[in-house]
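At the far end of the sequence shown sits residue 235, using the working numbering, and the numbering has no gaps. Note that CB positions come from ideal geometry on N, CA and C, so glycine has one too. Values in this document were obtained by computation on a predicted structure and should not be read as measured data.
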Amino acid sequence: MELSGTILAGDDYEPVEGRVVVEDGEIAAVEEESADSNDIVCPAFVNAHTHIGDSIAKEAGRGLSLEELVAPPDGLKHRLLREASHNETVEAMARSLSFMETGGTGAFVEFREGGLEGVEALAEAAAAVGVEPVVFGR
Numbered sequence: 098m099e100l101s102g103t104i105l106a107g108d109d110y111e112p113v114e115g116r117v118v119v120e121d122g123e124i125a126a127v128e129e130e131s132a133d134s135n136d137i138v139c140p141a142f143v144n145a146h147t148h149i150g151d152s153i154a155k156e157a158g159r160g161l162s163l164e165e166l167v168a169p170p171d172g173l174k175h176r177l178l179r180e181a182s183h184n185e186t187v188e189a190m191a192r193s194l195s196f197m198e199t200g201g202t203g204a205f206v207e208f209r210e211g212g213l214e215g216v217e218a219l220a221e222a223a224a225a226v227g228v229e230p231v232v233f234g235r
């Protein structure tokens with residue numbers, strides 16, 4: 098695969114006109130040359146602090162205080178998480194991951210609640226998207 102346009106290259110992300118050659122999923126070459134593309138070729142983003150499991154409550158809580166929204170055990174977020182089925186939770190996480198992927202996020206660091214079951218639900222949601230999870234449990 099070849100990607101051409103303005104490449105943000107090197108440690109300083111210096112803009113260079115050219116192409117990136119990808120072979121077997123790895124960058125094989127970055128070549129400076131004239132490009133007929135207006136695309137910008139840059140590294141994928143990493144979201145370094147996520148709570149994807151909370152996706153079920155993503156749009157909830159307008160007008161509530163922070164305590165009313167997230168304080169355990171009966172903040173709105175905790176109630177919604179308790180009431181949601183496994184499938185609803187996985188589908189909400191998958192929607193958030195799809196949104197991240199569409200925006201150019203290549204990896205995320207997840208602070209996962211719910212023990213092993215929570216980690217397995219995240220793995221299920223992430224299986225269908227091209228965003229790489231790094232999971233921390235609590």
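- DSSP places Ser-101 in the uninterrupted beta strand (DSSP E) bounded by 99-106.
- The beta carbon of Ala-141 is closer than 8 Å to those of Gly-201, Thr-202, Gly-203 and Ala-204 in its chain, skipping five residues each way along the sequence.
- Judged by DSSP in its simplified three-state form, Gly-160 adopts coil rather than helix or strand.
- The DSSP-derived three-state label of Val-216 is helix.
- Note on geometry: alpha-carbon atoms of Leu-163 and Pro-170 lie some 13 Å from one another.
- For Arg-209, the secondary structure class from DSSP, reduced to helix, strand or coil, is strand.
- By the neighbour-count criterion, in which 16 or more other beta carbons inside 10 Å mark a residue as buried, Asp-136 falls on the exposed side.
- Residue pairing from DSSP places Phe-142 in a beta bridge opposite Thr-202.
- The count of Cβ pairs closer than 8 Å, one atom from the stretch 141-153 and one from the stretch 123-133, stays below three, leaving the stretches out of contact.
- Non-local C-beta neighbours of Leu-177 in its own chain, meaning closer than 7 Å and more than five positions away in sequence, comprise Ile-153, Ala-154 and Ala-157, ordered along the chain.
- Within its own chain, the residues whose Cβ lies closer than 6 Å to the Cβ of Glu-99, once the five positions on either side in sequence are excluded, are Arg-116 and Val-118, listed in chain order.
- Around the CB of Glu-111, fewer than 16 other CB atoms lie within 10 Å, so the residue is classed as exposed.
- DSSP links Arg-116 through a beta bridge to Ser-101 and Glu-128.
- One alpha carbon belongs to Gly-102, the other to Ala-220, and they sit about 34 Å apart.
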